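Take any residue in the sequence shown, note its place counting from 1, add 4, and you have its number in this note's numbering. Beta carbons: idealized from backbone N, C-alpha and C, even for Gly. Note that this is a predicted model, so its numbers are computed, not measured.
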Amino acid sequence: MDELIPVSVLALDLPTPTTGWEADLAGRGIRLRPDDLGRPSITQEAARRLFVEHRESQVRAREVAARNDAQVEAQRLASVRPGIPWWEIPEGVTPAEAMTAGDKMSGPRRRTPLEDALSGNGTTFHPIRSEDGER
């Protein structure tokens with residue numbers, strides 16, 4: 005006869021299923037038997053299978069968590085704006101000045117009205133006020 009493991013002993017090491025032990029074990033095709041003290045029990049082989057499944061689910065959960073962490077880190081790194089590395093900051097320049105310079109160099113910027121007028125691309129500067137003070 006197989007050695008029987010009481011369900012109460014399983015509950016010490018395995019998380020209790022949401023449907024309860026009886027329904028979960030019945031759904032897995034594992035039959036409950038009373039042990040010599042009358043406690044609901046399962047065979048040692050069935051208990052071993054439950055422990056293996058639990059370990060495998062923990063490994064899968066860790067792998068999913070690691071993938072999620074890597075994805076979050078990749079998104080964080082992608083969202084970091086490029087700037088000037090600390091070793092390229094000239095002597096006498098404060099960190100704030102270096103960051104501001106990095107922002108100016110990192111992408112397109114808006115042209116001033118004077119730059120726009122002098123560019124010669126056909127745009128016209130329209131002042132907010134006219135020369136004679138009218139609005």
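What are the partner residues of ILE93, as DSSP defines its beta bridges? In DSSP, ILE93 forms no bridge with anything.
Own chain residues within Cβ distance below 6 angstroms of VAL11, not counting five before or after: Closer than 6 angstroms at the Cβ level, and outside the excluded window around VAL11, lie TRP25 and PRO44.
Going straight from the alpha carbon of GLU60 to that of ARG32, what length do you get? The alpha-carbon atoms of GLU60 and ARG32 are separated by roughly 16 angstroms.
If we ignore side chains and look at the alpha-carbon of each, how far apart do ALA50 and LEU18 end up? If you draw a straight line from the Cα of ALA50 to the Cα of LEU18, it comes to about 13 angstroms.
DSSP on THR98, reduced to helix/strand/coil? Residue state, collapsed to three classes: coil.
Using a threshold of 8 angstroms, state whether the C-beta atoms of ILE9 and GLN48 are closer than that. In this structure, the beta-carbon distance from ILE9 to GLN48 falls below 8 angstroms.
Are the Cβ atoms of LEU54 and LEU14 separated by less than 8 angstroms? Yes, the Cβ-Cβ distance between LEU54 and LEU14 is below 8 angstroms.
On the three-state DSSP scale, how would you describe PRO21? In this structure, PRO21 counts as coil in the three-state DSSP scheme.
Check whether chain C comes within 8 angstroms of GLN75, counting only Cβ atoms and requiring the distance to be less than that. Absent from the structure: chain C. Only one protein chain is present.
Rounded separation between LEU36 and ILE46 - CA only: Cα-Cα distance, rounded: 5 angstroms.
Which residue comes first and which comes last in the alpha helix (DSSP H) that contains LEU54? DSSP places LEU54 inside the alpha helix (DSSP H), whose first and last residues are 48–83.
Would you say ALA102 and ILE93 are within 8 angstroms of each other, going by their C-beta atoms? Yes, the pair counts as a contact, with Cβ atoms nearer than the cut-off.
Per-residue burial, GLU57 [other beta carbons within 10 Å of its own, 16 or more giving buried]: Using a 10 angstroms sphere on the CB of GLU57, the tally of other CB atoms stays under 16, which defines it as exposed.
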